[in-house]
Amino acid sequence: MGKLTSRCTAVIPSFRALLSLLLILGAPLRSVFAQQSQKDFAPLEKAALDELRETNTPGAAVAVVSGDRIVYVKGLGVSNVETGTPVAPEMLFRTGSVGKMFTAALLTSLAEEGKIKLDEPIGKYVRGLSPKLSQVTSHQLLSGTAGLIDGEPLYGPQDESALAKTVRSWNDDIFFLEPGKLYSYSNLGFIIAGLVAEEIGSKSYADLMSERIFAPLGMKSTTFLPTMAMTRPLSQGHDSDSNSKPVVHRPFVESTASWPAGFTYSNVYDLARFAIAFINGGKIDGRQVLSPAVIAPLRIDLCGCCSRHLTVSSQVRYDAKQALDDRELRSVMHFVLFRAEQHCKAALRSATRHIDISPVLK
2 MGKLTSRCTA VIPSFRALLS LLLILGAPLR SVFAQQSQKD FAPLEKAALD ELRETNTPGA
62 AVAVVSGDRI VYVKGLGVSN VETGTPVAPE MLFRTGSVGK MFTAALLTSL AEEGKIKLDE
122 PIGKYVRGLS PKLSQVTSHQ LLSGTAGLID GEPLYGPQDE SALAKTVRSW NDDIFFLEPG
182 KLYSYSNLGF IIAGLVAEEI GSKSYADLMS ERIFAPLGMK STTFLPTMAM TRPLSQGHDS
242 DSNSKPVVHR PFVESTASWP AGFTYSNVYD LARFAIAFIN GGKIDGRQVL SPAVIAPLRI
302 DLCGCCSRHL TVSSQVRYDA KQALDDRELR SVMHFVLFRA EQHCKAALRS ATRHIDISPV
362 LK
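At the far end of the sequence shown sits residue 363, using this note's numbering, and the numbering has no gaps.
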């Protein structure tokens, strides 16, 4: 089995102190700033700055959305403690487990086209897997019920064939429980799901993501390639704890095999476009770019009053459980959409800090 690293160090060292992305939906910048000038987001900004200070996080990119518009967007703090470069909304960040939503959307898009049944054993679609792994379903992989241990390769080959080679090297030791028994967070599940998509789509995972998700949604800056990310404004990952100053993490974590579990580079504007499609049933810019059947398995209404302002939290049906409540994992990028209904309150980071933004959005 390929060398794996436990969850507490799997993603975060490279992303430590990147940002907390709070609310996003895309809109032209003129519209964004026009909205900002009419609203008072001082309480939200203060709460975000308090969170950065309390978690010892250098910087954050914050955006607030209402309907299909950004009504507030701002960079807070710095993206690199050595250079002091301020965070800007267009800046790329390693998005951490937010990327699991993209992997889930990719597989559900293939299922919607009839190319895979999510409740069938993945061995029907992928050859060369261990006996027990071949009997796991895509639904179990995406829902965290496959009984897999957690971990992921942090460093490894840089060619895209590494995904298939890595997964096929794993044996039944990656299981700690029989599939279907309970929920347990596992990066391995999404890595395996990425290979399933590759086999069904007959293309590399990155190419499938670009063709099926990023390009249709107009996510022009989003990439898996470090060599592409470094050509744009790019934040640096940091290591820190509550008692020490953040320091830039070196060397940079990179493992092609782990891309489906959370190695995407993106910014608030690209993620906003995903959010627009997400809360509007796959529509963006007046066009249906993703089928509603692709979106439906990814969403859950946490407020109990579903509408266009859907709340998406750190745990949805097929997504990344982003460990927002884990102090050790506090600096990974957070992807949270707020709903605007009067009695729904938006979580800034976890259940410990809430801001009611509905009066501002009226």
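Each residue gets a CB set at the ideal place from its N, CA and C atoms; glycine is no exception.
Exposed is the label assigned to aspartate 242, since fewer than 16 other Cβ atoms lie within 10 Å of its Cβ.
Within the model, the alpha-carbon separation for alanine 294 versus glutamate 200 is close to 21 Å.
DSSP places proline 261 in no beta strand (DSSP E) but in the uninterrupted alpha helix (DSSP H) bounded by 260–263. The alpha-carbon separation between asparagine 81 and alanine 49 amounts to approximately 18 Å. Taking glycine 195 as the centre and dropping the five residues before and after it, the same chain places the C-beta of Thr104, Leu164, Tyr206, Trp260, Pro261 closer than 7 Å to its C-beta, in chain order. Distance from leucine 111 to alanine 198 at the Cβ level is roughly 6 Å; contact confirmed, criterion being Cβ atoms closer than 8 Å. In this model, glycine 157 and alanine 43 are separated by some 44 Å (Cα to Cα).
With a contact defined as Cβ atoms closer than 8 Å, aspartate 151 and leucine 189 qualify at about 7 Å. Here serine 236 is near valine 88, since their CB atoms are less than 8 Å apart. Contact between the region 213–230 and the region 165–173 is absent: fewer than three C-beta pairs spanning the two stretches fall below 8 Å. Leucine 272 is positioned such that its CB atom lies no closer than 8 Å to that of leucine 107. For the set Lys204, Pro247, Asp240, Ser245, the Cα lying nearest the Cα of valine 254 is the one of Asp240. Note that the C-beta distance between aspartate 41 and asparagine 281 is not below 8 Å.
Between the C-alpha atoms of phenylalanine 191 and valine 127 there is a straight-line separation of about 15 Å.
For the region 157–233, the full-length alpha helix (DSSP H) segments reaching 4 residues or more read 163–170, 188–202, 206–210, 227–230 along the chain. With a contact defined as Cβ atoms closer than 8 Å, glycine 263 and glycine 97 qualify at about 5 Å. For leucine 272, no beta strand (DSSP E) encloses it; the enclosing alpha helix (DSSP H) starts and ends at 269–280.
Classified as exposed, arginine 251 has fewer than 16 neighbouring CB atoms from the shown chains inside 10 Å of its CB. Contact check for aspartate 173 and proline 132: beta-carbon distance about 7 Å, within the 8 Å limit, so the pair qualifies.
DSSP lists Ser267 as the bridge partner or partners of phenylalanine 94. Judged by DSSP in its simplified three-state form, isoleucine 71 adopts strand.
Residue burial annotation: leucine 77 is buried, with at least 16 other C-beta atoms found within 10 angstroms of its C-beta.
The shortest C-alpha to C-alpha distance from arginine 95 to any of Gly85, Pro247, Pro234, Ile296 is the one to Pro234.
In terms of CA proximity to lysine 116, Ser139 leads the group Ser139, Leu134, Ser185, Thr232.
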